[in-house]
Amino acid sequence: MPEIQQRLTEGRLTLDLHPFVARIESPLQSVSHSLWRMYRDRNVLDESTFADFHVRVAPPSNLRRWLRPQAFFYFDGRAAFKPLPAAQAYPMLEWGLNWCIAAHSHQFLILHAAVVEMNGCAVVMPAPPGSGKSTLCAGLVSRGWRLLSDELGLLNPVTLRLHALARPVNLKNQSIAVMRAFAPTADFSPEVPHTAKGTVALMAPPADSVERMRETARPTWLVFPRYRSGCDASFRPASKAWSTWVLAQQSFNYNLHGKAGFDALTSMVDSCTCLEFEYSQLDQAVEAFAALATGDLDDGRAA
């Protein structure tokens, strides 16, 4: 950790976030501590390596450094967002990296979706905030599914393969305690209260997902999850037309790709089994997805 902290303070920390490289700078100990916990399985690259994103999280140079301390997220030397309380510096780094990818990586069709994989076949789970998507994703990857991403599905519009990020999983509010109990051996960042999303924390990706982050996956299932208190875990078919419409709405750059984006999106939907999924208990959800992966489903319910 001392080497990481020194590189981070000096702006020399270069992380392999395949398919991207980020050079990160921050003098804040909260950032270096959480970054080490979340990325210690990740390759630290030589500082001469080309970086796609140059980012810095740092306090302002004025009195706000000391009075109600704040932190800024800088991209290519410019503040990208309004400052947040300094206690939120590490979550802001993760949110900022998401923004860097979503706003600039147009070689991919970028979907607001969690993506997990089993036996080369990927489940794409697009859903709005509050659907339980990230909690479900965290539960699945703690039970043997490979994490590609909890937020950003990267679809190559030419090959129609999904690329992995294998970055930490974002959790908030009650989901944090749920996952601490469900995956007690996982690494979590410190909880940060009073953010715009409530209390947030991140769960480190499994080491196996990081080791395999260069493996692409074939979109096989398109699943629209929804948490509903008290319900049994169940799948039901979703129409291709509705699935295409929702997926387009949940894409960050669909409009920029024009016809190529439409062709890639519709081809992906055509190649997938499209399903809606409701759940309330993670253990039931994991069993249902295991049945999905093995083809052992009965009338939309896990057999």
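Numbering (our numbering), first residue to last: 695 to 997. Virtual Cβ for every residue (Gly too), placed ideally from N, Cα, C.
query, result
"Among L854, R736, A911 and L976, the one whose alpha carbon lies nearest that of M962", "L854"
"Under the three-state DSSP convention, the category V852 falls into", "coil"
"Opposing strand residues paired with D735 [DSSP bridges]", "Paired residue(s): none; D735 is not in a bridge."
"Validate contact between the segment 704–723 and the segment 784–798 using beta carbons, cut 8 Å, 3 pairs", "yes"
"Buried or exposed (CB count within 10 angstroms, at least 16 for buried), R701", "buried"
"Strand pairing of A773, partner residues [DSSP]", "Y768"
"Neighbour-count burial assignment, L950, 16 or more Cβ in a 10 Å radius", "exposed"
"DSSP beta-bridge partners of W866", "The amino acid occupying residue 866 in the given sequence is Lys; Trp does not appear at that position. Bridge partners of K866: V894."
"Alpha-carbon spacing of P785 relative to T910, whole angstroms", "27 Å"
"Burial state of A996 (16 or more Cβ within 10 Å)", "Its pLDDT being 40, under 50, A996 is placed unreliably in this model, and the value from its coordinates should be taken loosely. Burial call: buried."
"Which residues DSSP lists as bridging T703, in chain order", "The partner list for T703 (beta bridge, DSSP) is empty, contrary to what the question assumes."
"Chain-order list of residues whose beta-carbon lies under 8 Å from that of A901 (same chain, five-residue window excluded)", "D735"
"Paired residues, beta bridge with E1000 - DSSP", "Residue 1000 lies beyond the stretch modelled for the chain, which goes from 695 to 997, so this question has no answer here."
"Nearest candidate by alpha-carbon position, reference R706, set F744, M732, H727 and R731", "F744"
"Boundaries (first-last residue) of the alpha helix (DSSP H) holding E719", "Counting along the chain, E719 falls outside any alpha helix (DSSP H), though it belongs to the beta strand (DSSP E) covering F714 to E719."
"Which listed residue (D964, A958 and S883) has its alpha carbon closest to that of R731", "S883"
"Exposure of A987, with buried meaning 16 or more beta-carbon neighbours within 10 Å", "buried"
"Where E905 falls: helix, strand or coil (DSSP)", "helix"
"At least 3 beta-carbon pairs within less than 8 Å: the segment 932–939 vs the segment 953–968", "yes"
"Per DSSP, cross-strand counterpart(s) of S945", "L805"
"Residue range of the unbroken beta strand (DSSP E) whose run includes L842", "R840 to S843"
"Run of the beta strand (DSSP E) containing C815, from where it starts to where it stops", "C815 to P820"
"Nearest-angstrom Cα separation, counted from C831 out to L959", "22 Å"
"Start and end residues, beta strand (DSSP E) containing T889", "V886 to T889"
"Sub-8 Å separation of L645 and V818 beta-carbons", "Lying outside 695 to 997, the shown extent of the chain, residue 645 is not represented and no answer is given."
"Touch test, the segment 760–777 against the segment 803–820, Cβ-Cβ under 8 Å, three pairs minimum", "no"
"Inter-residue CB distance, L791 and V751 (contact presumed, cutoff 8 Å)", "10 Å between Cβ atoms; not a contact."
"heavy atom of the ligand COA below 7 Å from S728 C-beta", "You won't find the ligand COA in this model; it holds no ligand whatsoever."
"Beta-carbon gap between L941 and P820 smaller than 8 Å", "yes"
"Simplified DSSP state of A860, which is helix, strand or coil", "coil"
"G826 to F929 span [Cα, whole Å]", "15 Å"
"E788, buried or exposed, once every other Cβ within 10 Å from all chains shown has been counted against 16", "buried"
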